[in-house]
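Here the sequence shown is numbered in the working numbering, starting from 9 and rising by one per residue. Structure, as structure tokens:
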Amino acid sequence: MDWSSADAGICAVARDGSSVTVSALAEGSTTVRASVAALSLNGSVVLTVLPAALVSIEVTPTTTAIPKGTDRQFSATGIYTDQTSRDLTEVADWGSSNGSVATVSTISGTCGRASGIAAGTTTIRATEPTSGIAGSTELTVTAATLVSIAVTPANPSVALGLTRQMSATGTFTDSTVHDLTATVDWTSSAPSVASITGAGPGAGLAAALAVGSTTVRAVDSATGIQGATTLTVSPAALVSLQLTPTDPSVPLGLTQQFTATGSYTDSSVQDLTSSVTWSSSSPSVATVSDSGGTKGLASTVAVGSTTVRADVPATSIFATTGLTVSPATLVSLAVTPADSTLPLGLTRQFTATGTYTDASNQDLTTVVTWTSTVPSTATISNAGGTKGLATSVAAGSTTVRATDPGTGTYGTTSLTVSTAALVSIAVTPATPSIAVGLNQQFTATGTYSDSSNQDLTAVVTWASSATSVATVSNAGGTKGLASSVAVGVTTIGATDPGTSITGNTSLTVTGQVAFRGASSAGAASGITTLVLATPVGTVAGDVMVAAVAIRPDTATITPPAGWTLLRRVDNSNSNANSLAVYQRTAAASEPASHSFTFSSSTGSAGGIQAFGGVDAATPIDAHDGQTTASGLTHAAPSITTSVSNTMLVTFHTFSSSATWTPPGGMTEAFDVSSDPAPAGGGISLEGTYDRQSSPGATGARTATASNDADVGNGIAVALRRQL
């Protein structure tokens, strides 16, 4: 049997023994015939060859990984029945089994591009839409990785003495950028030119140390990726200019020397008087010299006002001040004291006061020329620093004269040098009374045989008849100052060492409560110990009242041994704080300081007030406390005292760092805050005191803070005087 194809280009027929193979070669239709020539038999069939069919799809690359934020292009290749392959990337339907890990694009031109979204694993699938045949592969998305570091500002220049904050910004594979300033390692290639703070708090702060250039580098220690820039340190630059004096007024005919002081970036200051260019806005009123050794010297021309200006050459920096020229002219000179008497051996300072046509006065003591008509009786100085100082030489009289060198105007007075002898000494004030803990300054006045008087306070020898009641000082600068010790009466005496003449008076020391002194301290957030010094002047038996203010209100306060809690007030809200007041009696060997500790702290402040003359058996007469609402005013409540002459002690706190104005009539003992004021954070504390002469209600006492209204507390304590 013979086989044949009508179109061998569409299919071929091959016989192998008893089998016949028809091979499809191209799309189309043809007739396949079979014939037996010997028998004249034949038959045929129409054979249609269809297009090659898709068998499978291969997705490449296979099983790959990308960092978060990056893309990977996948390809889909179709395998067909005719053993051919075809790129199906743009026609396949793409999908990701886990869209939260990676998505895959189905947009023409980007089909098959997978984008990593989050770390994880997903299956990327490509499906031929007609046949539904699909292929897949696995994609693993790893965490985003650092790509680069940029150091900013780029190539900055900073003047010597200033600092410049550098920043390091990292760019990651997911296109995110992060501030790496505090985590990278910072270096300066020339640390003698500029230093830079390494990793951690304050990192990246460059300090200009010397003129020059350095490379500032930020390195990620984990990857070695780095960024760099060049920092140039220029010479110290002039920042500002100041003229002194400021807005002076000068009488017509006089001059005024101005000084120009420059401030530089390295915190130095320099006198630029001879370097700047001086000018006057109204030279018809006053001129200002810009030459030689008189630069900055203003000369008055006419009554009026002008602006004096100093310009720094080659810069835009300048400074100005006003100058007023008054019309005054000197009319007369008065020499004081008038017609005085001076004991032999002493000195007397004279003053020359000029009166002008506009009724103004001016001290001309250092301008006039001084003379004495009888220098054998008294001389008078014209030397700098002692002008007008008369020195007695011998008993007698002389005329002291002061002459203005410009106008010839003069004034005179008489000076008598006496040989008078000391007759008596009066000690004043007479029979004063002070409370324990207070001081009293006494004055000794000598009366002479010529009825003249002389202050002998610094000459006499002072004594107290009962030093257990009060002592009196003989030290230079404090002579005659009596310091009370205990209740009682003593005699204060003043004795002239040359003649032994003595004057005296009695001093009564009462049992009133007396303020000795105060101390205070603040501690920032995170510091759990507050150390308060024993106030200077505290002696054994004194009562100390300590106040401790702390945030938060839940903090436990542990006082030092020997301190007794009087009252604690807690203001509990979002800005919570507490105020606790303690009391202690000073021992003979009182420690220099006292440490209060806390369980936690976001800011604390404390202070101690010490008082003498407090009743030993019952030191506290009354006390009370209250919370205060958010605001700048915070009151300690009114308390009722039972005896006269108590000492009212108040404490005020609130949840901000501020300065305080004490309550009206109260004396401020301390004003302290945990952080430098003004600041919205931390806590501040005000301590005040005031003597209450009569028993009864004290009335609320309100202190006012300077800034950042917030909640607070107030406590009032009354100390009972020694009965």
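Even glycine gets a Cβ: it sits at the ideal position worked out from N, Cα and C.
V7: which of T70, F358, S144 and G519 sits nearest, CA to CA? Any property of residue 7 remains undetermined from this structure, which presents the chain solely from 9 to 731.
Rounded straight-line distance, which links the Cα of D550 to that of L731: To locate residue 731, count along the sequence shown from 1; it is residue 723. To locate residue 550, count along the sequence shown from 1; it is residue 542. Those two C-alpha atoms are separated by around 15 Å.
Per-residue burial, I132 [other beta carbons within 10 Å of its own, 16 or more giving buried]: Here residue 132 refers to the residue found at position 124 when the sequence shown is read from its first residue. It counts as buried.
How big is the Cα-Cα spacing for A306 and T273? Taking the first residue of the sequence shown as 1, we reach residue 306 at position 298. Taking the first residue of the sequence shown as 1, we reach residue 273 at position 265. If you take the alpha carbons of A306 and T273, they lie about 30 Å apart.
Which residues in the same chain as R172 place their Cβ atom closer than 6 Å to its Cβ, once the five residues preceding and following it in sequence are excluded? If you number the sequence shown from 1, residue 172 lands on position 164. P164, V166 and A214.
Quick check: what's the CA-CA separation for A42 versus V57? Along the sequence shown, read from residue 1 onward, the residue named residue 42 stands at position 34. Along the sequence shown, read from residue 1 onward, the residue named residue 57 stands at position 49. If you take the alpha carbons of A42 and V57, they lie about 19 Å apart.
Inter-stretch contact at 8 Å, needing at least 3 Cβ pairs: the stretch 658-670 / the stretch 692-711: The stretch 658-670 vs the stretch 692-711: in contact.
Let's test the definition: count the other Cβ atoms within 10 Å of the Cβ of I18 and tell me whether it reaches 16, buried, or not, exposed. For this step, residue 18 is matched to residue 10 along the sequence shown. With 16 or more Cβ atoms within 10 Å of its Cβ, I18 is classed as buried.
Do you know whose CA, among W470, A60 and D79, lies nearest R94's CA? Taking the first residue of the sequence shown as 1, we reach residue 94 at position 86. Of the listed residues, the one whose Cα sits closest to R94 is A60.
CA-to-CA distance, T537 to I442, given in whole angstroms: The residue given as residue 442 occupies position 434 in the sequence shown. The residue given as residue 537 occupies position 529 in the sequence shown. Answer to the nearest angstrom: the Cα atoms are 39 Å apart.
Within 8 Å, strictly: CB atoms of I744 and L423: This structure leaves residue 744 out entirely; the chain is present only between 9 and 731.
L239, DSSP secondary structure in three states: Here the question's residue 239 lines up with position 231 in the sequence shown. L239 falls in the strand class under three-state DSSP.
Go ahead and pull the three-state DSSP assignment for G300. As a first step, residue 300 is located in the sequence shown; it is residue number 292 there, counting from the start. G300: helix per DSSP, three-state reduction.
Apart from the five residues just before and just after T439, which ones in its own chain have a Cβ nearer than 6 Å to its Cβ? Reading the sequence shown from its first residue, position 431 is the one you call residue 439. Only T513 and S514 meet the Cβ criterion.
Taking the C-alpha atoms as reference points, what is the distance between L312 and T337? Here residue 312 is taken as the residue at index 304 of the sequence shown, counted from 1. Here residue 337 is taken as the residue at index 329 of the sequence shown, counted from 1. Position check: residue 312 holds Gly in this sequence, whereas Leu was assumed. C-alpha separation (whole angstroms): 15 Å.
Ends of the beta strand (DSSP E) at N585? Counting from 1 along the sequence shown, the entry for residue 585 is found at position 577. Unbroken beta strand (DSSP E) run through N585: N585 to T593.
Which first and last residues belong to the beta strand (DSSP E) in which E676 is found? Position 668 of the sequence shown holds residue 676. Note, E676: beta strand (DSSP E), T675 to S681.
Under the assumption that D412 contacts L372 (Cβ atoms under 8 Å), give the Cβ distance between them as a whole number of angstroms. Walking along the sequence shown from the start, residue 412 turns up at place 404. Walking along the sequence shown from the start, residue 372 turns up at place 364. 7 Å between Cβ atoms; contact.
Quick test of the definition: if touching needs 3 or more C-beta pairs under 8 Å, does the stretch 712-725 touch the stretch 632-640? yes
Across the stretch 275-294 and the stretch 209-223, are there enough close Cβ pairs to call them in contact, namely three or more that are closer than 8 Å? no
Comparing alpha-carbon positions, which option in P259, S682 and T135 lies nearest G614? Locating residue 614 in the sequence shown gives position 606, counting from the first residue. With distances taken between Cα atoms, G614 lies closest to S682.
Does the stretch 235-252 come close enough to the stretch 179-186 to have 3 or more Cβ pairs within less than 8 Å? When C-beta atoms of the stretch 235-252 are compared with those of the stretch 179-186, fewer than three pairs fall below 8 Å, so the two segments do not count as touching.
Exposed or buried, which one is R23 when buried takes at least 16 other CB atoms within 10 Å? Here residue 23 refers to the residue found at position 15 of the sequence shown. Looking at its Cβ environment, which holds fewer than 16 other Cβ atoms inside 10 Å, R23 is exposed.
Count the other CB atoms, across all protein chains shown, that sit within 10 Å of the CB of D458; report buried if there are 16 or more and exposed otherwise. Here the question's residue 458 lines up with position 450 in the sequence shown. By the 10 Å Cβ count, D458 comes out exposed.
Helix, strand or coil: which one does DSSP assign to L5? For the chain, the structure presents residues 9 to 731; residue 5 sits outside this window and is missing.
Any idea which residues DSSP pairs L423 with across the strands? Translated into positions along the sequence shown, residue 423 becomes position 415. DSSP output for L423 lists S348 and T406 as bridge partner(s).
By the three-class DSSP mapping on this structure, what secondary structure does L47 have? As a first step, residue 47 must be located in the sequence shown, where it is residue number 39. Here L47 sits in helix by DSSP.
In this structure, how does DSSP classify E136 when only helix, strand and coil are distinguished? Here residue 136 is taken as the residue at index 128 of the sequence shown, counted from 1. Coil at E136, not helix or strand.
Does A360 pass the burial test, meaning 16 or more other C-beta atoms within 10 Å, or should it be called exposed? Here the question's residue 360 lines up with position 352 in the sequence shown. Label assigned to A360: buried.
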